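Colleague: Going by our numbering, the first residue of the sequence shown is number 29, and it counts up by one from there.
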Amino acid sequence: MKFNLFCLFAILTLFLTACGDKVLVVRTPLEGDHYIRSNIDSLEWKHFSGMVASGSDINEEDFNQLKWTLEYYNKTSYIMVSNELFRFNQDGRMVYYTDWIEEDGQYKIEELGFPNYDTSGDIE
29 MKFNLFCLFA ILTLFLTACG DKVLVVRTPL EGDHYIRSNI DSLEWKHFSG
79 MVASGSDINE EDFNQLKWTL EYYNKTSYIM VSNELFRFNQ DGRMVYYTDW
129 IEEDGQYKIE ELGFPNYDTS GDIE
């Protein structure tokens, strides 16, 4: 009985420790967006940059802007058109958009943009 419990514990331990090193594979843009929003508090640039497409000009400053946006606008809605995802705040104003591209069998962010509102609230 003790041996069986020990074996079960050993197998569970091996399984759980091995999962921690697995690289994230994003299968859809919505899955990637959900992962980013759910993990934004602990997400760092070095991990986020692995989700960026190779030809993209997204940089660490864009990542920091996204991080601030998601922390400030924690309740949002979205519209998805093809591989573009538009996020809106509770007032219906767009707060950011992403455009995803399939690269090496997984989706990566190709574009990340934030609307530039003027003082009247209109997008410039």
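Positions of the beta carbon are idealized from the N, C-alpha and C atoms, including for glycine.
What you are looking at is a predicted structure, and each value in this text was computed from that prediction instead of being measured.
Using CA coordinates, which residue listed in D69, E139 and I64 is at the minimum distance from D130?
Modeller: For the purposes of this step, residue 130 is taken as the residue at position 102 of the sequence shown. Checking the sequence shown, residue 130 turns out to be Glu, not Asp. Closest option to E130, Cα to Cα, is E139.
Colleague: In this structure, does DSSP put D127 in helix, strand or coil?
Modeller: Position 99 of the sequence shown, counted from the first residue, corresponds to residue 127. Three-state result, D127: strand.
Colleague: Please identify the residue among R55, F116 and Y100 whose C-alpha is closest to the C-alpha of I107.
Modeller: On the sequence shown, residue 107 is found 79 positions in, with the first residue counted as 1. It is F116.
Colleague: Using the DSSP secondary-structure output, state which residues sit across from F114 in a beta bridge.
Modeller: In the sequence shown, residue 114 corresponds to position 86, counting from 1. The partner list for F114 (beta bridge, DSSP) reads I107 and Y125.
Colleague: Cα separation between N102 and D69?
Modeller: To locate residue 102, count along the sequence shown from 1; it is residue 74. To locate residue 69, count along the sequence shown from 1; it is residue 41. Cα to Cα, N102 sits roughly 11 angstroms from D69.
Colleague: Comparing alpha-carbon positions, which option in I137, Q118 and T97 lies nearest P143?
Modeller: Here residue 143 refers to the residue found at position 115 of the sequence shown. The shortest Cα separation from P143 among I137, Q118 and T97 belongs to T97.
Colleague: Do R55 and Q134 have their CB atoms nearer than 8 angstroms?
Modeller: Within the sequence shown, the letter at position 27 stands for residue 55. Within the sequence shown, the letter at position 106 stands for residue 134. Their beta carbons are under 8 angstroms apart, which means R55 touches Q134 by this criterion.
Colleague: Jot down the residue ranges of each uninterrupted alpha helix (DSSP H) in the region 48-103, minimum 4 residues, whole runs only, in chain order.
Modeller: With a minimum length of 4 residues, the continuous alpha helix (DSSP H) runs that stay inside the region 48-103 are 57-67, 73-76 and 88-100.
Colleague: Should D85 be labelled buried (16 or more other beta-carbon atoms within 10 Å of its own) or exposed?
Modeller: The residue given as residue 85 occupies position 57 in the sequence shown. Counting Cβ neighbours within 10 Å, D85 comes out exposed, since fewer than 16 surround it.
Colleague: Can you tell me whether D61 is buried or exposed, with buried defined as 16 or more other CB within 10 angstroms of its CB?
Modeller: Here residue 61 corresponds to residue number 33 of the sequence shown, with the count starting at 1. D61 should be labelled buried.
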